[in-house]
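The working numbering applies: residue 1400 is where the sequence shown begins, and numbers increase by one.
Data first, discussion second: the structure below is written as structure tokens.
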Amino acid sequence: MEVGYNCSMRLELDTMHVIGDNLALKWKDGEESFFGLDFLRRNCPCALCAGERDLFGNLARQPQILHPKSFQLTKVREVGGYAIQPEWADGHASGIYSFEYLRSLVSD
Ligand SMILES: [Zn+2]
1400 MEVGYNCSMR LELDTMHVIG DNLALKWKDG EESFFGLDFL RRNCPCALCA GERDLFGNLA
1460 RQPQILHPKS FQLTKVREVG GYAIQPEWAD GHASGIYSFE YLRSLVSD
């Protein structure tokens, strides 16, 4: 288990492949991350999916209506060398998954 995040270590993505229902990411430090597309979509970090906190710290989460197309990727692009932005078959593409966020996600 890794504790904390070392800011001096810049995460860099080496390769990215969609294999069946999974997204496989290979990092330049040699680590590999493997996420089910279903898992990835359910952990979408955008304000619409993850919700935004109001002034009182309450999470205003809107229920997302997900259907089979919500878990199909149409494309994934790399954003500014620090994140990836998947585009889903249902048209949702506002989730920007930073490399730190992806590395902190544990798929099981
Ligand atoms: Zn989202």
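Every residue, glycine too, gets a C-beta built ideally from N, C-alpha and C.
Query - heavy atom of ligand 1 below 7 Å from H1416 C-beta - result: no
Query raised in the report: Hey, would you say the C-beta of S1469 is under 7 Å away from at least one heavy atom of ligand 1?
Result: no
Query raised in the report: Distance, Cα to Cα, F1470 vs R1502?
Result: 20 Å
**Report entry** Three-state class that DSSP yields for Y1496 in the structure shown
**Finding:** strand
Query raised in the report: So is the beta-carbon of L1422 under 7 Å away from any non-hydrogen atom of ligand 1?
Result: Checking the Cβ of L1422 against ligand 1 gives no.
Query raised in the report: What's the C-alpha gap between F1433 and D1420?
Result: 10 Å
Query raised in the report: Considering only residues of the same chain and omitting the five flanking positions on each side of S1493, which have a CB-CB separation below 6 Å?
Result: C1445
Query raised in the report: Along the chain, where does the alpha helix (DSSP H) that runs through D1348 open and close?
Result: The chain is shown only over 1400 to 1507; residue 1348 falls outside these bounds and no answer can be derived.
**Report entry** Sequence ranges, alpha helix (DSSP H) only - wholly within the segment 1438-1488, length at least 4
**Finding:** 1446-1449
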